[in-house]
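First the structure, in the form of structure tokens, and then the observations on it.
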Amino acid sequence: MTGSNRLAFARALVATNLKAALALRGAFVLQVAFMALNNFTFFVFWWVLMRRVTTLRGWRLADVQLLFGLVAVSIGATVTVAGGVRHLGRLIEEGDLDTLLTQPRSVLVYALGMRSQPSGLGDLLSGLIFIAASGEVAWSALPLLLVALLASAVVFLACGIAFFSLSFWLGNVETLARQLWEFLITFSLYPEPLFGGVLRFVLFTVLPAGFVAYLPVRVVQAPSVPLVGLLVLGASAYLGFAVLMFERGLRRYASGSRFSTFG
Amino acid sequence: MAKYAAFSRVAVARAGRERGDLYGRVAFFAVILGVFSSLWRAAAEAGLCVAIEPRALVWYLAVTEWIVLSAPQVHLDIQEAIRAGDVVYRLGRPVSYVGAEVAAAFGVLAVRLPLLGLTACVCAFAFTGWIPPARAFAMAVPFGLVAAALLAALHVWIGLLAFWLHDVSPVYWVCQKLMFVLGGLMLPLAIYPGVIQRIAGYTPFPALLAGPASFMLANGGATPAALARDLAIWCGVTAVGLGWTFRRAATELTINGG
Chain U
7 MTGSNRLAFA
17 RALVATNLKA
27 ALALRGAFVL
37 QVAFMALNNF
47 TFFVFWWVLM
57 RRVTTLRGWR
67 LADVQLLFGL
77 VAVSIGATVT
87 VAGGVRHLGR
97 LIEEGDLDTL
107 LTQPRSVLVY
117 ALGMRSQPSG
127 LGDLLSGLIF
137 IAASGEVAWS
147 ALPLLLVALL
157 ASAVVFLACG
167 IAFFSLSFWL
177 GNVETLARQL
187 WEFLITFSLY
197 PEPLFGGVLR
207 FVLFTVLPAG
217 FVAYLPVRVV
227 QAPSVPLVGL
237 LVLGASAYLG
247 FAVLMFERGL
257 RRYASGSRFS
267 TFG
Chain P
285 MAKYAAFSRV
295 AVARAGRERG
305 DLYGRVAFFA
315 VILGVFSSLW
325 RAAAEAGLCV
335 AIEPRALVWY
345 LAVTEWIVLS
355 APQVHLDIQE
365 AIRAGDVVYR
375 LGRPVSYVGA
385 EVAAAFGVLA
395 VRLPLLGLTA
405 CVCAFAFTGW
415 IPPARAFAMA
425 VPFGLVAAAL
435 LAALHVWIGL
445 LAFWLHDVSP
455 VYWVCQKLMF
465 VLGGLMLPLA
475 IYPGVIQRIA
485 GYTPFPALLA
495 GPASFMLANG
505 GATPAALARD
515 LAIWCGVTAV
525 GLGWTFRRAA
535 TELTINGG
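Just so you know, the sequences run in chain order U and P. Take 7 as the starting number for the first sequence in our numbering and just add one per residue. Take 285 as the starting number for the second sequence in our numbering and just add one per residue.
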């Protein structure tokens, strides 16, 4: 299956998921609105805190807003386009990949795209508002912002694939994988200078909040060729590793003897 | 009461078996306290102009998160039972449906509260190197236990709304967000603008979180008598709300079917 075929297939899956979500229009709107509200409410904390201190180790409220916006868009894009990533562990553990293996399509792309979370659009929407309100992105910096957002989302997705693919080797790791995913989000939402020492190393390797949040923010605020190169290289490496891990794991996959089909 | 104790015992056994969930909560708790201890250190360096010590703020958060993380998300189980129609079979039992759900929620609390309480103390001490005076614990722990029980009962009430709503998650989210802002989950209410403090006073959220946690602060806002009164009032309101909501739901089920 070629790259363009995979893209066309992924596009078709996203379109189908969106149509399905829009069929329950009320629930869809509610989920989008509440997720956006959720993000704005969380930001009240920063608003209250930053009224008391002007900067936190060099970070101003606008910087935190940009960080929040970038991470929200990244998460929103991931769970909207590839919402199946959160179910990957269960699919592997319960042998539900059987029905996907019989399809003439990429198993990973199918598994990722077979679900979409409407709440992700709430993240996307609120994230864009945060970025716009931060006042830190000039129109001329939009291409860079797009690169930063794309790289951030790719790393986030790659981590999801890697965490949930642990099921191939360790069996039921649903709780652990979800916890790692939550930790990644948690660390991504706080300013980089808060973390030092060994934790900082962890945040640029095992739990790459550095690539999901801190580097993209730096790329938008103070772009340079090495920084952009590092971000793109990092995102490609994480995605490559995650896909490789899934493919390797798939060789160990034990069938669940499922005879049903999707779609 | 023996019947309800049996529901609690079953819930205790089930919660004890779900070790992954328990350890996940412990790990999440430790991470949150670590992040915030670092945040408060940075805020203190930046000259945070509030009359509260950063280390006391970490202990404050330890208590609020202890209450929130201990309360089981029982609304999801109730929603599932209503959606699947299982609730009809449970209604036929010679026990109150709401009573059984509340008892089961208390059973989960009995497992989580000690473990997460220990986590709170160990982590908060590790991150701050300080322990609040014994009087603070003597106040915060009993009030925290009551607050966690009240929060679990509120979750049961949210679950009962599934008799009318397709999905109760949005109600739960709203409740969470209100708790975040009006309950002072991460920051004592005294730090919030006056208008938010006034609005919070009309809701149960300060009694649930900020009240018990404020004993960890040197100049905490709550007095034991006022907090006991507020908790008693909101427990009463919740009990009446639970009974009324369930009666309405049962009547509709009788008239319209499940």
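Where is the CB? At the ideal position from N, CA and C, for every residue including glycine.
Let me see if you follow: with CB-CB separation under 8 Å, is residue i close to chain U or not?
i                      : result
residue 490 of chain P : no
residue 508 of chain P : no
residue 457 of chain P : yes
residue 514 of chain P : no
residue 454 of chain P : yes
residue 439 of chain P : no
residue 395 of chain P : no
residue 537 of chain P : no
residue 475 of chain P : yes
residue 352 of chain P : no
residue 499 of chain P : no
residue 315 of chain P : yes
Can you name the start and end residues of the alpha helix (DSSP H) that residue i belongs to?
i                      : result
residue 17 of chain U  : 9–29
residue 431 of chain P : 418–444
residue 120 of chain U : Where residue 120 of chain U is concerned, there is no enclosing alpha helix (DSSP H), given that its DSSP letter is neither H nor E.
residue 368 of chain P : 358–368
residue 308 of chain P : 303–329
residue 87 of chain U  : 67–87
residue 204 of chain U : 203–208
residue 253 of chain U : 231–258
residue 415 of chain P : Where residue 415 of chain P is concerned, there is no enclosing alpha helix (DSSP H), given that its DSSP letter is neither H nor E.
residue 258 of chain P : Since the displayed chain P opens at 285 and closes at 542, residue 258 of chain P lies outside it and no answer follows.
residue 111 of chain U : It is not in any alpha helix (DSSP H) - residue 111 of chain U carries neither H nor E in the DSSP assignment.
residue 99 of chain U  : 94–99
residue 224 of chain U : 221–227
State the Cα-Cα distance for the pair residue i and residue j, rounded to the nearest angstrom.
i                      : j                      : result
residue 300 of chain P : residue 181 of chain U : 15 Å
residue 399 of chain P : residue 310 of chain P : 8 Å
residue 269 of chain U : residue 424 of chain P : Note that residue 269 of chain U has pLDDT 48, beneath the 50 cutoff, so the model's placement of it is unreliable and no number is given.
residue 64 of chain U  : residue 77 of chain U  : 20 Å
residue 169 of chain U : residue 175 of chain U : 11 Å
residue 471 of chain P : residue 51 of chain U  : 7 Å
residue 79 of chain U  : residue 130 of chain U : 4 Å
residue 158 of chain U : residue 241 of chain U : 7 Å
residue 323 of chain P : residue 397 of chain P : 26 Å
residue 16 of chain U  : residue 89 of chain U  : 12 Å
residue 355 of chain P : residue 236 of chain U : 43 Å
residue 344 of chain P : residue 431 of chain P : 15 Å
residue 121 of chain U : residue 113 of chain U : 14 Å
residue 239 of chain U : residue 191 of chain U : 21 Å
residue 367 of chain P : residue 14 of chain U  : 37 Å
Check each candidate in the options and name the one with the smallest Cα separation from residue i.
i                      : options                       : result
residue 165 of chain U : U:202, U:70 and U:118         : U:118
residue 68 of chain U  : U:143, U:176 and U:155        : U:143
residue 317 of chain P : U:201, U:131 and U:233        : U:201
residue 295 of chain P : P:493, P:390 and P:453        : P:390
residue 85 of chain U  : U:49, U:234, U:126 and U:57   : U:126
residue 177 of chain U : U:11, U:45, U:29 and U:101    : U:101
residue 91 of chain U  : U:150, U:197, U:72 and U:183  : U:183
residue 481 of chain P : P:493, P:491, P:488 and P:466 : P:466
Listing by chain order, which chain P residues have their CB less than 7 Å from the CB of residue i?
i                      : result
residue 181 of chain U : 304, 305 and 308
residue 44 of chain U  : 457 and 461
residue 51 of chain U  : 470 and 471
residue 33 of chain U  : 450 and 451
Quick check: is the beta carbon of residue i nearer than 8 Å to any beta carbon in chain P?
i                      : result
residue 59 of chain U  : yes
residue 68 of chain U  : no
residue 36 of chain U  : yes
residue 188 of chain U : yes
residue 269 of chain U : Note that residue 269 of chain U has pLDDT 48, beneath the 50 cutoff, so the model's placement of it is unreliable and the number below is only indicative. Answer no: the Cβ-Cβ gap between residue 269 of chain U and chain P never drops below 8 Å.
residue 192 of chain U : yes
residue 17 of chain U  : no
residue 108 of chain U : no
residue 217 of chain U : no
residue 47 of chain U  : yes
Residue i versus chain U: which residues are under 8 Å apart at the beta carbon?
i                      : result
residue 336 of chain P : Residues of chain U passing the Cβ test: none, with the nearest at roughly 11 Å.
residue 428 of chain P : Residues of chain U passing the Cβ test: none, with the nearest at roughly 21 Å.
residue 331 of chain P : 59
Along chain P, which residues have their Cβ under 8 Å away from the Cβ of residue i?
i                      : result
residue 287 of chain U : Shown here, chain U extends from 7 to 269; a query on residue 287 of chain U therefore has no answer.
residue 162 of chain U : What residue 162 of chain U touches in chain P: nothing, since even the nearest Cβ is about 18 Å away.
Who are the neighbours of residue i on chain U, taking C-beta pairs under 9 Å?
i                      : result
residue 323 of chain P : 55, 62, 196, 197 and 200
Run down chain B in chain order and give the residues with a C-beta less than 7 Å from the C-beta of residue i.
i                      : result
residue 250 of chain U : Considering every chain present, this structure includes no chain B. Its protein chains are U and P.
Output, in chain order, the set of chain P residues within a Cβ distance shorter than 9 Å of residue i.
i                     : result
residue 40 of chain U : 453, 454, 457, 458 and 461
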